[in-house]
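Below: one structure, written as structure tokens.
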Amino acid sequence: MSGDLRPAVLLAGSALLTASLALPAGPLRTLLALPLALLLPGSALVLLALPRPRIGGTPFLAASLVASSAFYAFSALVLYGLSLRLDPLPIVVCVDLVVLAACLRLGLPGGAAPRLRPALSLALLLAALSALAAVAGGVAAAQRLLAPPTSAGFSSLAFAGSWSDLRAVPTLPAAGRLSFRVRVKNGTPASERYLLVAKLDGRRFGLRPLALAAGGSGEAAFGGRLPQACPARLSVELRNGSRPAAAAIAKLTLPLRCAAATGTAG
Amino acid sequence: MSIALRGQAAEFERSGVQPSRRLALPIATAAGLVCALAIGSFLLAYADRYAARHADGDPVHFGLFWAGELVFLLPALACLLAAGPSRAQRLLVVTAIGFFDYLPKYLRDPSFPLFHDELLHRRELAQVLASGQPFRPSPLLGVIEYYPGLHTATAAIVKLSGASPFTVVSVLLACLHVTALLGVFLLGEGLAGSARVGGLTAFAYALNPSFLFFDVQFSYESLASVFVIWVLVALARAEVARSRAETLGWLALGALLGIACVVTHHLSSFALAAILLLTALIAQLHVRRRRRPTGGAGIAGLLALIVTTAAVAWTLLVAAGIVAYISPHLSGGLEQLIALIGREHTTKAHTLFAGSVIPDYERAAGFLAPPLVLAASLFSLRGLRRYRVRSVLVDAFVCLAALYFLSLPLIYTTAGNEGARRSWAFSYLGIAFLLAVAAERAALLPGGRIRLALLAGLTVLVATVVMVGNVGGGTNPYYRFPGPVSTRSDIRMLTPELRAGAGWLKETQPAPRLVLTDQFSSPGVAYYGDARPASPSAGFRTWQLFLDAGLPRPAVAAQLRSSGFTTLLARAPIPLSRGFYSTEDSVAPSAKTTAAAIARFDRTRWLLKLYASEQLAIYRIDPAALARAEKGMEP
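Shown next, in the form of structure tokens:
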């Protein structure tokens, strides 16, 4: 084979990386752009410094990866110095510039002939792929053989809506209405039936059942006229729907204040 | 023909094997290694799953882990010890070792970050990605923001590839792990002029205590240590360059990587500057004694000058706070060491394997590894003579190896323990080269087949003991294996429940989400909640809030009002001990847990409990209600 193909390969890689930015983020773009992003600027830098590195193919790839990391670290500082954000376009322009510089250093296509050994490269590629397949196969087999531990998981309860970011003790209107929402998450590996019990100063204010699939979440709303003139504390208990008499799984508690005027809180 | 090809041809000539068998042997070896790789991966994954279902002290998962490691690594070592394999085959084996050694850490947290430092660096990466700017403040480790190399490099790759940060981090770390070993291969090969020594050096470096877990986490050292290795590769290659242009090329590459190291990690850049200065000094001594031409000294001197200037300039101009960050570890470690030597009573002594659940054989290997490494290093010294004329780095590597042995006493101190372990990523470069030379020297000793087989067996045995001892002594079992929730380690407290609670914070509370919590939960809250946990100090005694029975003390209450820390996250199993709520080194045991504090919090009128799960509660502090309570107007 005559002619140095490296500038052409670098330019093609650079064009591909630049064009890939037009693709939406997804597996295709990742497969196309990730290897190029990892290796291209570093390869250009190494070839810029050493047109004939004399270290072999695999170490050249390794040197390219290290040089790419250094290149991005410097590019980010340069962009920061220029008050530019670390966005795809400025980064790819930096990559294109270093590739262009490397191509100029290597000379236009038609220079010295590179030593390409397709048979050896293919053998190494096959060996590498076999190794990767072996690792993936081994891990997958072990994970199929032994299922992950079924942890007990957790269930959580939180105020929802405007009360999720409550910053002060809520003030209740005297003899008014109270309404609020709570959110429950089932973090256990199985479906669960819950029972939500709201209390004002220990006296029941409302009861809501809730069924949630594994990993699911849902909301329940409470509302009604205040049963007593000025309750001092609201609590919401999350109970197991199958065993409501058992201790609460989780409990929210909120001090309350009363105002003189009538109205609605929540 | 390149040096590599000439080397392969010469090795084939020496081997005297017929061409047809030359092809058949590597295929059989490669097939065997691929099988070993598959079995090893299977056992490692099985050990992980087994550990998740059993008690920490169960010896079975340790046994499965070592069976998995050794089933591949020992044949790989045998392959690297043999004279037959070509340079390309050795490189392939080293690459496979790099990927294989990435597996234990990958299996430990294949879907989310878990290790303490990793959470802080992943948060920094998220900040850089969101803002498009480096130098984002970090809530728990302030120095991170001044060393943005890893975060910006990863962010740039994420932006270019469109892949998720998790994918990019996983691929990048796996590739860097392999790249580190390939760099060590080139170093060993460059110093000894032999691909066999190169391969053995890479293998021995993979035995270093931090290689399997610590160096694979997403942390600035993981990239910076690779830069260090490749700067030394550039130096070694520049020394044996065939032309002035090639020398300058390697020098330029070395300088670029050296400066990249400076903007990536403090300790690594200081270590690199020190290694280069040491190398330049040794080279100068060689020149004075007329042992070598001035070339090597000049290259080492120039690289040392560039990296040292860059490190000093970066420290003075950008990261001035780093001295205050590092110096307590250095001075504290030395003071405690002197106290230990003087047999003074000190509470700062660190007892190896104290309370550890690792099996006895790992414990024994942990104590045996350093003397074995010392013996092998001493055995290698006579074999080094012929390499000294090749590179100025050989003597520098002997000094690095000596540094490893000098650092060993520091692991008996609490302040110096961590620093000593972190230095091994660099000092083990010297150890790795000496071990490789020792292994090669043993293989070249005259004798019959039986004696050679015995020596090879001895090499494999030493490697096994060093590997088991270094991993057992270097990484605590909670980091190595999954297992039940335990307050003995922060990593075991990073539960799905904490992640969900932190996620709720991120979803419902506006930035900057200033949170008061315990030390075990802080990194997880910072990353998963994109929050800023408080850093307790003598000036901000946040632990009093959890530990005191009554109202917050006036100073703490005033600070809460002025600082804006109004969210409190409490976890029931955390012991109510100051060590868990402050940055003290020692953790005093406590019979009481935070469940008692949660019961107390639930009764106050200045805390609003907005989120609750079985073991976790999130409160909002109402400053006005707290003020009323302080005045006695409310309970």
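Protein chains in written order, with the numbering used here: chain A, 1 to 266; chain B, 1001 to 1635. Heads up, the beta-carbon is just placed ideally off N, CA and C, and yes, glycines get one too.
Determine the chain A residues that contact T1264 of chain B at a beta-carbon separation under 7 Å, and present them in chain order. A73
In three-state DSSP terms, what is G111 of chain A? With a pLDDT of 45 at G111 of chain A, under the threshold of 50, the predicted position of this residue should be treated as unreliable, though the coordinate-derived value follows. If DSSP states are grouped into helix, strand and coil, G111 of chain A belongs with coil.
Bridge partners - A250 of chain A, DSSP secondary structure assignment: A:L238
Going by the DSSP bridge assignment, what does A220 of chain A pair with across the sheet? A:V182
With distances taken between CB atoms, is the gap from W1155 of chain B to L86 of chain A smaller than 8 Å? In the sequence on display, residue 1155 of chain B carries Ala and not Trp. For A1155 of chain B and L86 of chain A, yes; Cβs fall inside 8 Å.
Helix, strand or coil for I1618 of chain B per DSSP? strand
Please list the partners that T171 of chain A has in chain B, where partner means a Cβ-to-Cβ separation under 9 Å. Neighbours of T171 of chain A on chain B: none; closest Cβ ~11 Å, over 9 Å.
Entirely within the stretch 1230-1288 of chain B and at least 4 residues each: give me those alpha helix (DSSP H) ranges in chain order. 1244-1262 and 1266-1288
Quick one, which residues of the stretch 1378-1399 of chain B are near chain A if we go by CB-CB under 8 Å, in chain order? none
Is the Cβ of E1630 of chain B closer than 8 Å to any Cβ of chain A? no
Which first and last residues belong to the beta strand (DSSP E) in which V197 of chain A is found? E192 to L200
Would you check if there are 3 or more beta carbon pairs closer than 8 Å linking the stretch 231-242 of chain A to the stretch 197-212 of chain A? yes
Rank A:L47, A:A101, A:E219 and A:L238 by C-alpha distance to the C-alpha of S164 of chain A and give the top, closest one. A:E219
Does the separation of the CB atoms of L1173 of chain B and V1228 of chain B fall below 8 Å? no
Please report how far the alpha carbon of A1375 of chain B lies from the alpha carbon of W1066 of chain B, in whole angstroms. 24 Å
Residue-chain proximity (G111 of chain A, chain B), Cβ-Cβ < 8 Å: Residue placement at G111 of chain A cannot be trusted, given a pLDDT of 45 that sits under 50; what the coordinates show is reported in the next sentence. No, because no Cβ of chain B sits closer than 8 Å to the Cβ of G111 of chain A.
So that I know if they touch, is there some Cβ in chain B lying closer than 8 Å to that of S191 of chain A? no
As assigned by DSSP and simplified to three states, the class of G1366 of chain B: helix
Going by CA-CA distance only, name the one from B:L1514, B:Y1528 and B:L1458 that's closest to R1499 of chain B. B:Y1528
Distance between K1609 of chain B and I249 of chain A (C-alpha atoms, nearest Å): 15 Å
In three-state terms, what does DSSP make of A245 of chain A? coil
Within chain A, partners of I1039 of chain B - CB distance below 7 Å: G138
What is the DSSP secondary structure of C258 of chain A, reduced to helix, strand or coil? strand
Between Q143 of chain A and chain B, is the shortest Cβ-Cβ distance under 8 Å, so that the two count as touching? yes
Residues bridged to T1567 of chain B [DSSP beta-bridge criterion]: B:V1515 and B:R1620
Within this structure, are the beta carbons of R1603 of chain B and T1566 of chain B separated by less than 8 Å? no
Using a Cβ-Cβ cut-off of 7 Å (strictly less than) and excluding sequence neighbours within five positions of L1393 of chain B, which residues of its own chain qualify? L1191, L1232, L1235, A1236 and T1279
E1069 of chain B, buried or exposed, once every other Cβ within 10 Å from all chains shown has been counted against 16: buried
Per DSSP, A1612 of chain B is paired with what? A:L157 and B:A1617
Using only alpha-carbon positions, find the residue among A:R29, A:T171 and A:A102 that is nearest to D4 of chain A. A:A102
Between G56 of chain A and chain B, is there a C-beta pair that is closer than 8 Å? yes
Of all the CB atoms in chain B, is at least one closer than 8 Å to the CB of G202 of chain A? no
Inter-residue spacing [alpha-carbon to alpha-carbon] between G1632 of chain B and K185 of chain A: 38 Å
Check whether the Cβ atoms of E1057 of chain B and V1465 of chain B sit closer than 8 Å, and answer yes or no. Note that residue 1057 of chain B corresponds to Gly in the displayed sequence, not to Glu. Taking 8 Å as the Cβ cut-off, G1057 of chain B and V1465 of chain B do not qualify as a contacting pair.
Pick helix, strand or coil for L146 of chain A, following the three-state DSSP scheme. coil
Buried/exposed call for D1360 of chain B, threshold 16 Cβ in 10 Å: exposed
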